[in-house]
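Okay, so here's the structure we're looking at.
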Amino acid sequence: MVESSTGRIGLLVRSAPGASRESRADLDVALAALSLDRQIDVYFIGAAVLQLARNLDSAAAQLPPGYKAWAALHDLGDVRLFAESSWLARCSAGDNDLIGPPTGLGSAQMALHWRSCNAVWSL
Numbered sequence: 001m002v003e004s005s006t007g008r009i010g011l012l013v014r015s016a017p018g019a020s021r022e023s024r025a026d027l028d029v030a031l032a033a034l035s036l037d038r039q040i041d042v043y044f045i046g047a048a049v050l051q052l053a054r055n056l057d058s059a060a061a062q063l064p065p066g067y068k069a070w071a072a073l074h075d076l077g078d079v080r081l082f083a084e085s086s087w088l089a090r091c092s093a094g095d096n097d098l099i100g101p102p103t104g105l106g107s108a109q110m111a112l113h114w115r116s117c118n119a120v121w122s123l
């Protein structure tokens with residue numbers, strides 16, 4: 001993929017999986033950003049990182065069983081995944097294998113990181 005001269009888009013993902021179809025909408029926005037040939041950084045805030053759990057039941061988001069589209073993002077373009085370090089530690093302790101896997105950042109470090117993006121979309 002040709003590197004975009006328009007910079008990076010930061011996506012702040014806040015919705016935890018399973019509560020509604022919101023987690024599917026988050027993924028749709030990420031796919032749309034990639035279709036524009038934009039580089040994206042996806043920041044999973046708090047429990048939103050559980051959207052990356054390999055053992056996640058995708059039926060709550062009205063997706064077919066075993067649907068793991070977050071994993072496909074890397075095949076589609078320049079994508080970096082980030083999550084709060086404290087939540088990554090929780091996932092590790094709970095034996096949750098995460099797709100990606102995301103890079104851990106502290107909350108303050110994450111905020112500084114996404115501010116370096118050219119545009120930030122809060123989902």
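Note that this note's numbering has the sequence shown beginning at 1, numbered continuously upward.
For glycine and all other residues, C-beta sits at the position ideal for the given N, C-alpha and C.
Pairing L112 with L73, the inter-Cα distance amounts to about 24 Å. Under DSSP, I40 shares a beta bridge with I9 and V79. For C117 against D41, the beta-carbon gap comes to about 6 Å, under 8 Å, which counts as contact. Straight-line spacing of the CA atoms in V49 and G7 works out to 24 Å.
In this structure, the CA atom of A33 is about 8 Å from the CA atom of I9. Taking R14 as the centre and dropping the five residues before and after it, the same chain places the C-beta of I45, G46, A48, S122 and L123 closer than 8 Å to its C-beta, in chain order. Distance from P101 to Q51 at the Cβ level is roughly 13 Å; contact not present, criterion being Cβ atoms closer than 8 Å. Note on A93: under 16 other CB atoms within 10 angstroms of its CB, so exposed under the neighbour-count rule. A straight-line Cα-Cα distance of about 23 Å links M110 and R24. In this structure, the straight-line span from the alpha carbon of R90 to that of R80 is close to 21 Å. With fewer than 16 other CB atoms across the displayed protein chains lying within 10 angstroms of its CB, D28 is exposed.
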